[in-house]
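J.: Whatever position you read off the sequence shown (first residue = 1), add 278 for the numbering used here.
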Amino acid sequence: MRSTNGQGWQREQWDDLSLSDVLYVLWERRSLVAGAVLVLVLAVVLFSMFREPVYTAEATVVVQPREELSGGGESDAFMDEILGEVATDEMLRDVRREADWDGGSEEFEDRLVVARDGRYGLRVRFSGSEPGEAARAANAYATLFVRRIERLNDERFAGGALPADASVGRRAVPPADWPKLRSLLYAVGAIGTGVFLGGAAALLLEGRTRSWRDARDAELTLRAPVLGVIPDYSSTEEG
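#1: Could you work out which residue in I469, R375, P409 and L481 is closest to V317 when comparing CA atoms only?
#2: Comparing C-alpha positions only, which one of S298, L310 and E363 sits nearest to N431?
#3: In whole angstroms, what is the alpha-carbon distance linking G406 and R375?
#4: To the nearest angstrom, report how far apart F386 and E306 are at their CA atoms.
#5: For the beta strand (DSSP E) containing S524, list its first residue and its last residue.
#6: Suppose you measure from the CA of L324 to the CA of Y464; what does that come to, to the nearest Å?
#7: Secondary structure at D310, three-state DSSP: helix, strand or coil?
#8: Report the residue from E336, L400 and A314 whose alpha carbon sits nearest the alpha carbon of E411.
#9: When DSSP builds the beta bridges, which residues end up paired with S445?
#10: Does DSSP classify T334 as helix, strand or coil?
#11: What do you get for F404, buried or exposed, if any count of 16 or more other CB atoms within 10 angstroms of its CB means buried?
#12: Let's see if you can read the secondary structure: which residues bound the beta strand (DSSP E) around V529?
#13: Below 8 Å between beta carbons: does that hold for Y419 and V341?
#14: From D395 to L422, what distance separates their C-alpha atoms?
#15: Just the Cα atoms here: how many angstroms apart are G382 and D372?
#16: Alpha carbons only, please: which of E433, D443 and G467 is nearest the one belonging to I360?
#17: Report the residue from R414, G476 and L301 whose alpha carbon sits nearest the alpha carbon of D380.
#18: Can T338 and R425 be called in contact, C-beta distance under 8 Å?
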């Protein structure tokens, strides 16, 4: 059957589509919708297979100044001095050894983030490919940071020790391992996105079609019940 107007659905008819009309279009174009879902699910599967999981663990260090500091400027300068004295390349080598790190030094430093936590605290975050690796590296940094301050204070006792003491505020714990749940959420998201994109494409194509497959298509376009259907035999007569 052919549409009499040759333009598919009218623009104003899009707003009148009911849920049953949408479901009908999706069913008629189910191969398109299923193809969109399949492509996105395969993309998610490949992404999950080749993407290295990342787990982040965090430890905290508390630094106590031995003298009262007046303002924020003095505290910032104090923390900068402590970090410059303590967080050296030698200490980072010890941290990698303590954490049983097998990779390169640049990769380790890329995964390590040390940030200020309040006036006199530090947050030590490490992102690893395994939960235990992440917690081990964060704890190694926090522990060796404290030990180095203690050692420097002992070495400089006679000639100007560091103006600070330090302690580990909170040790890092291995983060929760949810790889299966994460993959399931990715798959559900891919299915939902595939249905949405495939359905939108199906509705767009259906709105541009110039022919009717059956009486239901005619009713969908004309927005009126169809009492009878006359088949189009023009193509067979020409043959």
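Yeah, the Cβ is synthetic: ideal placement off N, Cα and C, and Gly gets one too.
T.: Reading from the atomic positions:
#1: Looking at the Cα atoms, I469 is the closest of the given residues.
#2: Minimum Cα distance to N431 is reached at E363.
#3: Straight-line spacing of the CA atoms in G406 and R375 works out to 15 Å.
#4: Their backbone Cα atoms lie some 54 Å apart in a straight line.
#5: With the chain covering 279 to 517 only, the question about residue 524 has no answer from this structure.
#6: Approximately 11 Å, taken between the alpha carbons.
#7: In the sequence as presented, Asp is not what sits at residue 310; that position holds Leu. Here L310 sits in helix by DSSP.
#8: Checked all of E336, L400 and A314; the closest Cα to E411 is E336.
#9: V340.
#10: In the structure shown, T334 sits in a strand (DSSP, three-state: E or B).
#11: In this structure F404 is buried. Its beta-carbon is surrounded by 16 or more other beta-carbon atoms within 10 angstroms.
#12: Any property of residue 529 remains undetermined from this structure, which presents the chain solely from 279 to 517.
#13: Not closer than 8 Å, so no.
#14: Those two C-alpha atoms are separated by around 18 Å.
#15: Here the alpha carbons of D372 and G382 stand approximately 13 Å from one another.
#16: With respect to the C-alpha of I360, the residue from E433, D443 and G467 having the closest C-alpha is D443.
#17: Nearest of R414, G476 and L301 to D380, Cα basis: R414.
#18: Result no, Cβ atoms of T338 and R425 do not sit closer than 8 Å.
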